[in-house]
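Below: the structure, in structure tokens.
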């Protein structure tokens, strides 16, 4: 079966590229007329590649799910071998809280530092922060799109997508030009879950796309992890429900690494920052504080404090969200 | 029988000389004003006739009176022609000594009882009169101090009869009342009223010292507008040239309190977000200055920035860039000065819940994107200082008030003086820090230049000539965070 032809055929018909579709007479006719050489050349001209399921480089994890795609379109120069490395899907709500954004970013950063590939969906909210976190640590990350491989959706993440593609991969089962459609996103989620050894849900409402990803991961027998949230927050209902069902609670990146069986890299303990930055860093132990609160706690002048915070932010030790700073 | 007076009409902010000729001849009695006069100007007929009668002077009976306003291609607007028309008619009817009107300009509105009322733009008209070689300008008593600012001798009169008395040599005009103490009123709100908010105060001080644009973001009710309104109070008073410029603009706009002198306080304008682009940028069939021009050399506060219409926000880009705004209308193309300091405030989302630990945000992601998209990257890129303010906790609100504005202003004045020297280069360590930041943060070329400018201001506030690493670090902390679309 010609997977590339199937992907092109399904995209043209606005259908899902299943093996059943491949047996239809319409597809057989389409495949006969399909000029694969020309198609590959036009892909290459756009800087895109096609990784067929039959290709030995196709990730075994993804091939093992019950309805694997006929192949993946790739954007980015990285070796497809990247897709076979230990990987964790970090997913969650699009309208996440500052807390969710912070947790997604920090955990992804540490996973990236430990050499684990962070897989996510390039969506707003948790997905985007997970990609950013991995990139912060110089880690590699894979973004799975629910639309054509050449589109940046959501548009606001165009720059993020290009940063992901610079060191990692942007992948999609849809050929160039396929517009995003609601039904394509749950289908995309099966690839997110399929590409990863484990799925970590950071924040999710009761009926969230992230929970679909978690369900798919469970179906394939992959580990599902969840970050506990406030019991009063609607954004934590989904994750807390997962925990009740037996998902592994995650409070730090080590929990994720342990679930994967990856040894956390023993980093020499970083020397705590000195001077004003040190005082600020110490004050932020276990609390998210606003700049004004920090002025009072540390006794620094507002100007000195601002300088210290920038230093800590550049060192990746502190992040700001909604006017409050966290470690 | 012909007599002539000189007056000035203000087009945009520029005075244009207008000759008012009155001609009396035998014919069917009548009174006509020609020369592109608008409605208020046509109504001068009735005011002039009543005014002359009330001053117990003779209305030329059984005469045809023609008043011509030359040049005829300039649109004449407003009631400022009343006094010159009345004087020309009196001159033409030989009720004033021949030649007595020479060397005099006149501007003012007449009441039916002959009272002379002040009109907007007296300062600009007086400047035109001086430039045109006139020696004295007859004006309303209230306009006297304003006219004197232009460097021409005013003849302040309260009544048409007083003006006639002056031209007949019966009385010398009273010297113009000395301008009241520089317009320090109305008192601006003081920073001492603000509790906590150390970071915002600091940013306000930097903004004042470097004339930087400032954007305050945060949940509603935390004092964003309150802080922004206190910026004028820490700005140094205007220097002579700037004060004259601002006074002229405010005079044209009719915003000067009567009898006041130079405007020394930097103006503060806060148009509502429903304001039309003509109101903000300037406009009208014959262009009038908008809020950006009224805020010239002062502060323009746009409260709830994303609620302003897109056209208004985009139109702000030109004045922000080059300090002037061009308004093209049927009545002509006019360029207004508009070198203002922009201060914006905004919530973090349309519902206002974001950034507030006590509330939750109910906005859909797409709604949030739309809200942030309202501020184009290009506009956002023009804010030097962007601050996200969290809701202060109860303890902070119970604290003591902060430093009063006067003390902050002293530091601002000192920093301004330092900033006037040619810019020194960054210290090498500062340069290295900046390069590192450019690698790690999404910082455009424009963003980088802006950080350098802010760092120089911070250095100047610290009494240093060269910006050091800590100054650059602080400047970096005011870049726009992702919450307001800074990526």
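Residue numbers (the numbering used here), protein chains in the order written: chain A, 816 to 1142; chain B, 5 to 491.
For each residue, glycine too, the CB sits at the ideal point set by N, CA and C.
Computed from a predicted structure; not experimentally measured.
>> I want to see whether chain A comes within less than 7 Å of residue 392/B, judged by CB atoms only; does it?
In response: As a first step, residue 392/B is located in the second chain; it is residue number 388 there, counting from the start. Yes, residue 392/B counts as interfacial toward chain A.
>> I believe residue 279/B touches residue 295/B by the beta-carbon criterion, under 8 Å. Please report the beta-carbon distance rounded to the nearest angstrom.
In response: On the second chain, residue 279/B is found 275 positions in, with the first residue counted as 1. On the second chain, residue 295/B is found 291 positions in, with the first residue counted as 1. The pair is a contact, with the Cβ atoms about 7 Å apart (cut-off 8 Å).
>> In the DSSP output, which residue or residues are listed as bridge partners for residue 1067/A?
In response: Taking the first chain and counting its residues from 1, one reaches residue 1067/A at position 252. Paired residues: none, contrary to the question.
> For the stretch 471 to 483 of chain B, which residues have a CB atom closer than 7 Å to at least one CB atom of chain A, in sequence order?
Replying inline: 474, 477, 478, 480 and 481
>> Taking contact to mean 3 or more Cβ pairs, one atom from each stretch, closer than 8 Å, check whether the stretch 385 to 392 of chain B and the stretch 200 to 219 of chain B are in contact.
In response: Between the stretch 385 to 392 of chain B and the stretch 200 to 219 of chain B there are three or more inter-stretch CB-CB distances shorter than 8 Å, so the stretches are counted as touching.
>> Helix, strand or coil, according to DSSP, for residue 911/A in the structure here?
In response: The residue labelled residue 911/A in the question sits at position 96 within the first chain. Coil at residue 911/A, not helix or strand.
>> Under DSSP, the alpha helix (DSSP H) around residue 958/A begins and ends at which residues?
In response: The residue you call residue 958/A lines up with position 143 of the first chain. Run containing residue 958/A: none in the alpha helix (DSSP H); it sits in the beta strand (DSSP E), 956 to 959.
> In its own chain, which residues sit with a C-beta less than 7 Å from the C-beta of residue 230/B, not counting the 5 before and 5 after it?
Replying inline: Mapped onto the second chain, residue 230/B falls at position 226. The answer, listed in chain order, is 198.
>> Taking contact to mean 3 or more Cβ pairs, one atom from each stretch, closer than 8 Å, check whether the stretch 68 to 75 of chain B and the stretch 1108 to 1127 of chain A are in contact.
In response: In short, these stretches do not touch, since the Cβ pair count stays below three.
> Which residues, in chain order, does the stretch 976 to 989 of chain A contribute to contact with chain B at a C-beta distance below 9 Å?
Replying inline: none
> Name the residues in the stretch 952 to 973 of chain A whose C-beta lies less than 7 Å from a C-beta of chain B; which are they?
Replying inline: 971
>> Against chain A, does residue 369/B count as a neighbour if the rule is that its beta carbon must be under 7 Å from one of theirs?
In response: Stepping through the second chain from its first residue, residue 369/B is reached at position 365. Yes, its Cβ sits closer than 7 Å to a Cβ of chain A.
>> Below 8 Å, how does it come out for the stretch 31 to 43 of chain B and the stretch 8 to 16 of chain B: are there three or more Cβ pairs, yes or no?
In response: no
> Could you give the uninterrupted runs of the beta strand (DSSP E) lying entirely in the stretch 911 to 957 of chain A, keeping only those of 3 residues or more?
Replying inline: Here the runs fully enclosed are 932 to 935.
> For residue 1120/A, which residues from the same chain have a beta carbon less than 7 Å from its beta carbon, with the 5 sequence-adjacent residues on both sides left out?
Replying inline: As a first step, residue 1120/A is located in the first chain; it is residue number 305 there, counting from the start. Excluding sequence neighbours, residue 1120/A sits near 1095, 1106, 1109, 1110 and 1113.
> By the 10 Å Cβ neighbour count, where 16 or more other Cβ atoms means buried, how is residue 939/A classified, buried or exposed?
Replying inline: In the first chain, residue 939/A corresponds to position 124, counting from 1. The residue is buried, with at least 16 neighbouring Cβ atoms inside 10 Å.
> So, do the stretch 940 to 956 of chain A and the stretch 916 to 924 of chain A have three or more beta carbon pairs nearer to each other than 8 Å?
Replying inline: yes
> Just how far apart, CA to CA, sit residue 1104/A and residue 1117/A?
Replying inline: Position 289 of the first chain, counted from the start, is the residue given in the question as residue 1104/A. Position 302 of the first chain, counted from the start, is the residue given in the question as residue 1117/A. Spanning the two alpha carbons is a distance of roughly 14 Å.
> Would you call the stretch 83 to 101 of chain B and the stretch 154 to 172 of chain B touching, i.e. three or more CB-CB distances under 8 Å?
Replying inline: yes
>> Would residue 284/B and residue 236/B be called neighbours here (beta carbons separated by less than 7 Å)?
In response: Sequence index remark: in the second chain, residue 284/B carries index 280 (1-based). Sequence index remark: in the second chain, residue 236/B carries index 232 (1-based). No, these two residues do not count as a Cβ contact at 7 Å.
>> Please report the distance separating the alpha-carbon of residue 977/A from that of residue 879/A.
In response: The residue given as residue 977/A occupies position 162 in the first chain. The residue given as residue 879/A occupies position 64 in the first chain. Distance between the alpha carbons of residue 977/A and residue 879/A: 29 Å.
>> Classify residue 462/B: buried if its beta carbon has 16 or more other beta carbons within 10 angstroms, exposed otherwise.
In response: In the second chain, the residue the question calls residue 462/B occupies position 458. So residue 462/B ends up on the buried side.
>> If contacts are defined as beta-carbon pairs under 8 Å, then residue 901/A and residue 1012/A qualify, I think. What distance do you get, rounded to the angstrom?
In response: For the purposes of this step, residue 901/A is identified with residue 86 of the first chain, where counting begins at 1. For the purposes of this step, residue 1012/A is identified with residue 197 of the first chain, where counting begins at 1. At roughly 6 Å, the Cβ-Cβ gap stays under 8 Å, so residue 901/A and residue 1012/A are in contact.
>> Can you find the residues in the same chain that come closer than 8 Å, C-beta to C-beta, to residue 425/B, ignoring five residues on each side of it along the sequence?
In response: Residue mapping note: residue 425/B aligns to position 421 of the second chain, counting from 1. So the list reads 469, once near-sequence residues are dropped.
>> For the stretch 1097 to 1130 of chain A, list every residue whose C-beta sits within 7 Å of some C-beta in chain B, in sequence order.
In response: 1105, 1106, 1107, 1110, 1117, 1118, 1121, 1122, 1124, 1125, 1126 and 1129
>> Between the stretch 233 to 248 of chain B and the stretch 441 to 459 of chain B, can you find at least three pairs of beta-carbon atoms closer than 8 Å?
In response: no
> Going along the chain, which unbroken runs of the beta strand (DSSP E) with 3 or more residues stay wholly within the stretch 1106 to 1142 of chain A?
Replying inline: 1134 to 1136 and 1139 to 1141
> Using a C-beta to C-beta distance shorter than 8 Å, which residues of chain B count as neighbours of residue 910/A?
Replying inline: For the purposes of this step, residue 910/A is taken as the residue at position 95 of the first chain. In chain order: 365, 367, 368, 369 and 372.
> Under a CB-based cut-off of 7 Å, is residue 214/B close to chain A?
Replying inline: By 1-based counting over the second chain, the position of residue 214/B is 210. Residue 214/B does not count as touching chain A.
>> Let me confirm a value: residue 857/A is counted as buried when at least 16 other C-beta atoms fall within 10 Å, else exposed. Which label applies?
In response: Taking the first chain and counting its residues from 1, the one referred to as residue 857/A is at position 42. Exposed is the call here.
> With respect to the alpha helix (DSSP H) encompassing residue 873/A, which residues constitute its N-terminal and C-terminal limits?
Replying inline: Locating residue 873/A in the first chain gives position 58, counting from the first residue. Note, residue 873/A: premise wrong, no alpha helix (DSSP H); not H, not E.
> With 16 as the cutoff for other CB atoms within 10 Å, does residue 1051/A come out buried or exposed?
Replying inline: Residue numbering aside, residue 1051/A sits at position 236 when the first chain is read from its first letter. It counts as buried.
>> Using only CA atoms, which one of 990/A, 943/A and 952/A lies nearest to residue 930/A?
In response: Residue mapping note: residue 930/A aligns to position 115 of the first chain, counting from 1. When each option's Cα is compared against that of residue 930/A, the closest is 952/A.
> Between residue 81/B and residue 106/B, which are expected to be in contact by the criterion C-beta below 8 Å, what is the C-beta distance as a whole number of angstroms?
Replying inline: Within the second chain, numbered from 1, the residue matching residue 81/B stands at position 77. Within the second chain, numbered from 1, the residue matching residue 106/B stands at position 102. Not quite, the Cβ-Cβ distance comes to about 26 Å (not below 8 Å), so this is no contact.
>> Tell me the residue span of the alpha helix (DSSP H) that contains residue 469/B.
In response: Within the second chain, residue 469/B is the residue found at index 465, counting from 1. Element bounds for residue 469/B: n/a, residue is neither H nor E.
>> For residue 122/B and residue 55/B, what's the separation of their Cα atoms in angstroms?
In response: For the purposes of this step, residue 122/B is taken as residue 118 along the second chain, with counting starting at 1. For the purposes of this step, residue 55/B is taken as residue 51 along the second chain, with counting starting at 1. Going from the Cα of residue 122/B to the Cα of residue 55/B covers about 15 Å.
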